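Trainee: Have a look at the structure that comes next, please.
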Amino acid sequence: MKTKSFWKKHENLYFAVSNKKVLLGVFMFVAIILLSLVGPYLTPYDYEEFAGAGYLPPSKDHWFGTTLMGRDVFTRVVYGLRSTLLVGFLAGTIASAIGLVVGFVSGYYSGKAADEGLMMLTNVFMVIPSLAILIILSAYLPYRGIVTQSLIVAATAWPWTARAVRSQTLSLKNQEFVNLSRISGLSTFKILRDDIAANMFSYVFMVYILQFNGTILASVGLEFLGLGPTRGVSLGLVMQNAVNWNALHLGMWWWGLIPGLILTLLIVSLYFINTGLDEVFNPRLREM
Amino acid sequence: MGRYLSKKLAIYLVTFFFAVTLNWLIPRFVPGDPITSLLARFASLEGGKEILQSYFVQTFGLDKPLYAQYIGFWRSLFRGDLGISITRYPAPVMDIIKDAVIYDYIILLPSIVLSWIIGNKLGAVSGVNKKVDNFMMPVFYFLTSSPYFWFALVVSYVFGIVLGIFPTSHAYSATMRPGWNWAFIADFFMHWFMPFLTMFLVQLGGWAIGMRNMIIYETNTNYSKYMESLGASDKLIRNYGFRNGILPQVTGLAISLGTIISGSVLTQVVFSYPGLGYTMVQAIKESDYFLIQGCFLFLILMVLLANFVVDIVYMIIDPRVRHSYSGEV
Amino acid sequence: MKTRVSVLLIVALIVSSSAFALAAERNETLIVGGGPWSPATSWNPLYPSRTSATIGLVYETLFAYNPLTNEHKPWLADSGEWISDTVYEVNLRNGIHWSDGEPLTAVDVVFTYEIARDNELPYTPIWRTLEEVKALSLTKVQFVFNNPSYQEWQIELYSRPIIPKHIWKDIPSDQLMIIANENPVGSGPYKSGVGGADRIVWDRDDNWWGNEVFGQPKPKQIVEMIIYENNVALGMLMQRTLDLSNYFIPGVPSIKDAFGLTTWYDEAPFMLQANTAVLYLNTQRAPLDDAEFRRALAFAVNPEVIVERVFEYMVPTADPTGLFGGWTDYRDAEVVEEYGFYYDPEVAKQMLDEAGYVDADGDGWRDLPDGSAMSFEIIVPAGWTDWMESIRIISEHFRAIGINATPAFPDQSVYENRMFTGNFDMLINNYGSGVSGSPFSYWNWIANHNIHRDQVTEGNFGRYDNQELFDLIFEFNQILPMTEESLAVASEIQKILLQEMPAIPFWLNGMWAQTTSKYWTNWPTENNPVGYPSTWGGYWQFGTIEMLINLEPVQ
Chain A
1 MKTKSFWKKH ENLYFAVSNK KVLLGVFMFV AIILLSLVGP YLTPYDYEEF AGAGYLPPSK
61 DHWFGTTLMG RDVFTRVVYG LRSTLLVGFL AGTIASAIGL VVGFVSGYYS GKAADEGLMM
121 LTNVFMVIPS LAILIILSAY LPYRGIVTQS LIVAATAWPW TARAVRSQTL SLKNQEFVNL
181 SRISGLSTFK ILRDDIAANM FSYVFMVYIL QFNGTILASV GLEFLGLGPT RGVSLGLVMQ
241 NAVNWNALHL GMWWWGLIPG LILTLLIVSL YFINTGLDEV FNPRLREM
Chain B
289 MGRYLSKKLA IYLVTFFFAV TLNWLIPRFV PGDPITSLLA RFASLEGGKE ILQSYFVQTF
349 GLDKPLYAQY IGFWRSLFRG DLGISITRYP APVMDIIKDA VIYDYIILLP SIVLSWIIGN
409 KLGAVSGVNK KVDNFMMPVF YFLTSSPYFW FALVVSYVFG IVLGIFPTSH AYSATMRPGW
469 NWAFIADFFM HWFMPFLTMF LVQLGGWAIG MRNMIIYETN TNYSKYMESL GASDKLIRNY
529 GFRNGILPQV TGLAISLGTI ISGSVLTQVV FSYPGLGYTM VQAIKESDYF LIQGCFLFLI
589 LMVLLANFVV DIVYMIIDPR VRHSYSGEV
Chain C
618 MKTRVSVLLI VALIVSSSAF ALAAERNETL IVGGGPWSPA TSWNPLYPSR TSATIGLVYE
678 TLFAYNPLTN EHKPWLADSG EWISDTVYEV NLRNGIHWSD GEPLTAVDVV FTYEIARDNE
738 LPYTPIWRTL EEVKALSLTK VQFVFNNPSY QEWQIELYSR PIIPKHIWKD IPSDQLMIIA
798 NENPVGSGPY KSGVGGADRI VWDRDDNWWG NEVFGQPKPK QIVEMIIYEN NVALGMLMQR
858 TLDLSNYFIP GVPSIKDAFG LTTWYDEAPF MLQANTAVLY LNTQRAPLDD AEFRRALAFA
918 VNPEVIVERV FEYMVPTADP TGLFGGWTDY RDAEVVEEYG FYYDPEVAKQ MLDEAGYVDA
978 DGDGWRDLPD GSAMSFEIIV PAGWTDWMES IRIISEHFRA IGINATPAFP DQSVYENRMF
1038 TGNFDMLINN YGSGVSGSPF SYWNWIANHN IHRDQVTEGN FGRYDNQELF DLIFEFNQIL
1098 PMTEESLAVA SEIQKILLQE MPAIPFWLNG MWAQTTSKYW TNWPTENNPV GYPSTWGGYW
1158 QFGTIEMLIN LEPVQ
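Note that the protein sequences, when read in sequence, are chains A, B and C. Be aware that the first sequence starts at 1, since it is given in my numbering, and climbs by one per residue. Be aware that the second sequence starts at 289, since it is given in my numbering, and climbs by one per residue. Be aware that the third sequence starts at 618, since it is given in my numbering, and climbs by one per residue.
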């Protein structure tokens, strides 16, 4: 009896946990996160250490094989995954935050100068290919850490969030309950926070997922070009090393392809969660 | 219609202005003083001193106040003068870019157009046919989730190394001299195929998913249900949905152009395909700052141009914009 | 849409099918890579940054040099010898000529040197010891010295391109190093061809004087590909687009048999040796100014690990003296026995303990004798993947004995700038340690005396200052080679270098060469030494032309 009323109250949650895509997505996502958290404790090696002979294919001792020089690929991947996820998480959060603020403000003040200005800025950032800016910024910075990389990735990732949030805000703003609050004399901030933001929670959550995807892809691209953090190991760097050391030509697919496969699966999982949630929040899509 | 275009143009102009300013700003204000160290490298080259006198002093005027340097930068830009490459000294950056940009177009244009058309068609099929969807949807998701460079590695490994069908690098064989003969065209095609395939497939996934979701959304609308109850065929319903889905997909294309071009930069790096992206990354490795700046500027120009084309397409197919301009940009 | 594209293509083909020149046949073309790193912009033999094959293919030297036998081979010259302590006499070959048909005579040789006397050219400094160059006949030239540098002269003989007087006499003094010299008139077997952004092309000159003397080079055309990444070179080797690659390519030992690649040696070290990679220590920074400390570092590193892991046994470890090839004629085994270093971290630790470099504050790192902390940065250029991995290993080995060292990878221009201005702790370099006809070039680079200035570019980047050593190296240069006296001075130099350790030689970089046999065979190898498989700048005179002559096209 009690459970039933719980599910009734949280109808969306019910649909979320019973949606196959969400479940599969969450399962894959959690598995990969666990890999990055637990992986370093599962491996007896250090990611810089020569753990065995070179050219070893995946085996019991080296789950993802070894590099040309005999480093353990599994160890490098799990440590690299940590770094890449951290950058994606930081950059995604910062970018979402910027996008939300710009989108809210712009949507709330639509038609005013602030909106025009912010939207112009957004459109400009939207048009510029972010990787080009990232490359040129990174190229001139001799030493880059995880935070620096997150910041420059975030700086180019926020515009579409801002635009999406703005149009959501626009449509919500004119709904009756918001007008009601306005008539009853609530402050702008309170309206933004209590009415608009609260009603957009589900939307924001999905935006965040996509943003996380985008920032991870951007940072891995930078790492692959050798423009990631100057110290440590990252997924993109593992693959860059693989290319520099001819891994594929030499038949070491495990070195060049496994890191990217894990990354791709991570992003697929997030897409699944996103699409699944979309179905949850838009019942019209659900019937399929 | 006029207002729509002029607003778009204004955005592009501001973007261009912004990009040029960024281009000027970054090397001057980052630590390590790259401009000075670059000038020192030029000074040690034969004939470098003369170039220092003519180009750099005018363009950089390092002794002048900042605003004057900034104006000088714009002035040489309008003369089409982007400086001299230090690694390919004494070749002007402009000449290098002219040679490179063709390779960008030859990959980007067909891959964007074909993936958009075919992706939307496949997505529509997947949207109405549950059996197809169950099989295709994971594939689409996989494609669109793949980082371009990783997918390029997969393509290169499978088709270039394991099967050995396509060459893994460069735009044409070392033995070839560019010319309009079958041998060269065949060779060029073989080198072009894998970078094209990479760009094509990764983009395809995104369009297919977009259209699929749109169709599902549309087929569940009241008007579709109404049509269905009237006994309209699946195909007809799909066609309606497809037509409604096309517009957002064109907008989607405009939004994705930046990502696509970023993807092509990485793809070129994997295949050493000598477009702007590859040239730029090489220039970074060798700190050839003028070449970096030139490539950056042309990548931006390319995106702006592509956006503009998409705008015009959008205008042509959207009756609301065609007749009057209203609503959001 | 599709039909329109294909129509366009067909039209384009019809329009254009007539107008284009075909490349030379593939089986007459030799495609190589590894020499040039940028497109050709200058073919001027006087300009140091000319495209590198200009000397060797177009311009020739009096002698060639065979690094395998350490012998000079007469080239433009028929013979040459010291006829007194101060006079070197050269007899030119009869009937040699320039590519425009003009005869090449003693007049041109004299002109080649006098132009450097009368103008500021890179080799002008030779006139500090040279007094006069005179033509006694059309084929006899005498070089008269006041105080000859015998060792350097051995290198000069195969390094200086002879230029035609009838072309260069009309070029104004201020243009000598500036002109691009696009259609060079030389004496060599090739002429400059039509290249491009990614290649440099050389066309065979069928009227080369050497055809009758040495034989004709087989390739009608040589295409030097400009390749920036070694994985691209490997891909081209696998597809047989590249006939000869002079890149460092990881993995060659493991795939060479499967993919039909040939290297000089069939077994390790696979490659010939090209230069010594040394670790320069900045002797102007404490504690690197302490010879004991520097020596301890030499004992701390196990270069075997670098050889095994990074180079897959494609390079050997270096001798403690850094000498290899013909230079070892001067190696003093007793000195090495007594002062040489070897890998033994315990010895290194003991030396550091005795010299007072102990961990004073208990943080796990050794400190200076006064108790203050010390740490070091080792640099190599970003993207030089083999060196990057090598300094990672070196840092690890230093850390293992408690010395806080970290690797860093600035871009090449920054690396060079820091090297030349002395703004570094430690770095790997090999710019001046290349194989040559005299160990003088190595010593004069390791311990160059030109260190009291802002930019130190001729070696001794750690600015090690020891006048006694500088004098010895100078003296060595001015004694007749391989005499008892010169061997004695050489021993003394080796002893000081080992005691003082201004730079630590760790391994010998390879003369990277991998060849494929789809279009050309009879490549030079250990068992078939018919030339020298290198297209690097400055190496063409080492026997690469002989390689071209001995190649056999596959029918």
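Glycine included, C-beta positions come from ideal geometry on N, C-alpha and C. Nothing here was measured: the structure is a model prediction, and the numbers come from that model.
Determine whether the Cβ of A:P57 lies closer than 8 Å to any Cβ atom of chain B.
Mentor: No, no contact with chain B.
Trainee: By how many angstroms is the C-alpha of C:L721 removed from the C-alpha of A:W255?
Mentor: Roughly 58 Å between the two C-alpha positions.
Trainee: Anything in the segment 989–1002 of chain C with a Cβ closer than 8 Å to a Cβ of chain A? List those residues in chain order, please.
Mentor: Correct list: A999, G1000 and T1002.
Trainee: Does the CB of A:W253 have a neighbour CB from chain B at under 8 Å?
Mentor: yes
Trainee: For A:W160, return the contacting residues in chain B, with the cut-off set at a CB-CB distance below 7 Å.
Mentor: I543
Trainee: Skipping 5 residues on each side, what residues in its chain have a beta carbon closer than 6 Å to that of C:W944?
Mentor: P1056
Trainee: I believe C:D822 touches C:K808 by the beta-carbon criterion, under 8 Å. Please report the beta-carbon distance rounded to the nearest angstrom.
Mentor: 5 Å
Trainee: In the DSSP assignment, find the unbroken beta strand (DSSP E) run with C:F1041 in it and report its ends.
Mentor: Neither: C:F1041 is in no beta strand (DSSP E) and is coded neither H nor E.
Trainee: Opposite C:H689 in the DSSP bridges: which residues?
Mentor: C:Y682
Trainee: Report the neighbours of B:E574 on chain C: residues whose CB is nearer than 8 Å to its CB, in chain order.
Mentor: Those are D1028, Q1029 and S1030, listed as they occur along chain C.
Trainee: Of the residues that make up the segment 299–316 of chain B, which ones have a beta carbon closer than 8 Å to any beta carbon in chain A?
Mentor: I299, Y300, V302, T303, F306, A307, L310, N311, I314 and P315
Trainee: Counting contacts by CB-CB distance shorter than 8 Å, is B:Y613 in contact with chain C?
Mentor: Bear in mind that a pLDDT of 45 at B:Y613, under 50, signals an unreliable position, so the model cannot answer this.
Trainee: Would a C-beta distance cut-off of 8 Å place C:L679 and C:L738 closer than the cut-off?
Mentor: no
Trainee: Which of the residues in the segment 203–225 of chain A, read from start to end, lie with their CB under 7 Å from any CB of chain B?
Mentor: Among the residues of the segment 203–225 of chain A, those with a Cβ less than 7 Å away from any Cβ of chain B are L217, V220, G221, F224 and L225, in the order of the chain.
Trainee: Look up C:G650 in the DSSP assignment and say whether it is helix, strand or coil.
Mentor: strand
Trainee: For the candidate residues C:A999, C:R983 and C:P998, whose alpha-carbon lies nearest to that of C:S992?
Mentor: C:R983
Trainee: Identify each residue in the segment 400–414 of chain B for which the Cβ-Cβ distance to at least one residue of chain A is less than 9 Å, and report them in chain order.
Mentor: Flagged: no residues at all.
Trainee: In chain A, what lies closer than 8 Å to B:V591 by C-beta?
Mentor: V127, I128 and P129
Trainee: Throw me the rounded Cβ distance for the C:L1097 and C:Y882 pair, which I believe falls under 8 Å.
Mentor: That pair is no contact at about 34 Å.
Trainee: Any heavy atom of the ligand NAP closer than 7 Å to the beta-carbon of C:D717?
Mentor: Annotation note on the ligand NAP: not contained in the displayed structure, which lists no ligands.
Trainee: Counting only the same chain and skipping the five closest in sequence on each side, list residues whose C-beta sits under 8 Å from that of A:A53.
Mentor: T66 and G70
Trainee: What are the residues that DSSP puts in a beta bridge with B:F481?
Mentor: Looking at the DSSP assignment, B:F481 forms no beta bridge with any residue, so it has no partner.
Trainee: Which first and last residues belong to the beta strand (DSSP E) in which A:G214 is found?
Mentor: From DSSP, A:G214 is part of no beta strand (DSSP E) but of the alpha helix (DSSP H) over F201 to F224.
Trainee: For the beta strand (DSSP E) holding C:I839, just list the boundary residues, first then last.
Mentor: Q838 to M842
Trainee: Quick check on DSSP: helix, strand or coil for C:N892?
Mentor: In this structure, C:N892 counts as strand in the three-state DSSP scheme.
Trainee: In chain C, which residues lie less than 8 Å from B:Q570 when you measure between Cβ atoms?
Mentor: Y845
Trainee: Assuming C:T1023 is part of the beta strand (DSSP E), what are its boundary residues?
Mentor: Counting along the chain, C:T1023 sits inside the beta strand (DSSP E) bounded by residues A1022 to A1025.
Trainee: In chain order, what are the residue ranges of uninterrupted alpha helix (DSSP H) at least 4 long that sit wholly in the segment 1110–1170 of chain C?
Mentor: 1161–1167
Trainee: Tell me the DSSP bridge mates of C:V697?
Mentor: As written in the sequence, residue 697 of chain C is Gly, which differs from the Val given in the question. Beta-bridge pairing links C:G697 to C:V707.
Trainee: Within this structure, are the beta carbons of A:I262 and A:V73 separated by less than 8 Å?
Mentor: no
Trainee: 8 Å is my cut-off, CB to CB: does C:T858 come that close to chain B?
Mentor: It does; some Cβ of chain B falls within 8 Å.
Trainee: If we call anything under 8 Å between Cβ atoms a contact, is B:L489 one with B:L410?
Mentor: no
Trainee: From the DSSP output, in three-state form, read off A:K190 for me.
Mentor: helix
Trainee: Does the segment 969–977 of chain C come into contact with the segment 1151–1170 of chain C, if we say contact requires no fewer than three beta-carbon pairs (one atom in each stretch) closer than 8 Å?
Mentor: Counting Cβ pairs under 8 Å, fewer than three are found: no touch.
Trainee: What are the boundary residues of the beta strand (DSSP E) that C:Q1072 is part of?
Mentor: C:Q1072 -> no beta strand (DSSP E), and no H or E assigned at all.
Trainee: Check for me: the alpha helix (DSSP H) holding C:A917 runs from which residue to which?
Mentor: A908 to A917
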